[in-house]
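Structure record follows, encoded as structure tokens.
In my numbering, the protein residues as written are 29 to 249.
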């Protein structure tokens with residue numbers, strides 16, 4: 029278990045022996061949830077930091093039509109809830125749902141505060157986590173501001189190419205269902221628009237691998 033904890037961003041750079049010593053004076057829980065279980069509901073007060081040790085979770089928000097939109101996906105090893113934990117209004121704005129069977133380390137707020145005060149490395153790691161999360165949220169807001177599905181796909185694919193260091197072929201990274209949830213659209217609509225990009229000569233899609241064939245036109249969407 030302590031090896032899994034050492035892989036989380038909060039304990040980045042710590043040896044398992046150091047983590048064991050830190051947690052020996054810390055109140056924490058190990059919780060397990062089955063796939064599709066609700067871990068926390070929108071409106072719940074956020075009193076703990078969650079460290080995802082195994083599996084993946086998603087954050088869902090209900091829009092004005094009553095449709096659930098996936099606003100985030102987090103895969104182990106990672107954290108969630110840090111954005112709400114120290115807010116004046118620390119109520120969750122999203123439902124947290126297990127995508128798979130998951131194992132989570134829960135650290136109580138007061139214990140986390142003590143760790144942040146006593147250990148500079150944990151403080152640096154925590155600040156890095158919250159800063160990175162802000163960058164991700166900003167990127168998602170930018171994505172939501174794009175009005176057309178083709179535009180959202182183009183933006184996503186161009187960013188994906190950057191992440192893959194400009195390799196000519198790369199995986200989409202998510203299922204059509206996951207992408208539809210990320211964009212707040214239906215899966216059939218997303219699939220239609222992806223095929224349209226292919227048929228218009230902007231992309232090649234083969235064996236779940238994508239290759240950009242007309243980057244300039246893709247940038248204009």
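All C-beta atoms, glycine included, are put in the ideal place defined by N, C-alpha and C.
Checklist entry - Are three or more beta carbon pairs between the region 73 to 93 and the region 126 to 143 nearer than 8 Å? => result yes
Checklist entry - Short check: CB of residue 246 to CB of residue 231, under 9 Å? => result yes
Checklist entry - Using DSSP with H/G/I as helix, E/B as strand and the rest coil, what is residue 253? => result Because the chain spans 29 through 249 in this model, residue 253 falls outside it and cannot be assessed.
Checklist entry - Is the distance from the Cβ of residue 182 to the Cβ of residue 218 below 9 Å? => result no
Next on the checklist: How far does the beta strand (DSSP E) with residue 204 in it extend, from its first residue to its last?
Outcome noted: Counting along the chain, residue 204 falls outside any beta strand (DSSP E), though it belongs to the alpha helix (DSSP H) covering 204 to 211.
Checklist entry - Using the rule of at least 16 other Cβ atoms within 10 Å of the residue's Cβ for burial, across every protein chain shown, is residue 209 buried or exposed? => result buried
Checklist entry - Is the CB-CB distance between residue 67 and residue 88 below 9 Å? => result no
Item to check | Simplified DSSP assignment, three categories, for residue 156 | outcome: helix
Next on the checklist: Could you pull the DSSP bridge partners for residue 131 from this structure?
Outcome noted: 60 and 82
Checklist entry - Where does residue 178 sit, in a helix, a strand or coil, going by DSSP? => result helix
Checklist entry - Looking only at C-alpha atoms, which of 249, 109, 243 and 212 sits nearest to residue 92? => result 212
Checklist entry - Would you call the CB atoms of residue 74 and residue 118 closer than 9 Å? => result yes
Item to check | DSSP three-state assignment for residue 143, whether helix, strand or coil | outcome: helix
Next on the checklist: Alpha carbons only, please: which of 110, 70, 48 and 120 is nearest the one belonging to residue 141?
Outcome noted: 110
Next on the checklist: If you measure between the beta carbons of residue 126 and residue 62, is that distance less than 9 Å?
Outcome noted: yes
Checklist entry - So what does DSSP say about residue 171, is it helix, strand or coil? => result helix
Checklist entry - From this set, 202, 199, 214 and 185, which residue's C-alpha is nearest residue 242's C-alpha? => result 185
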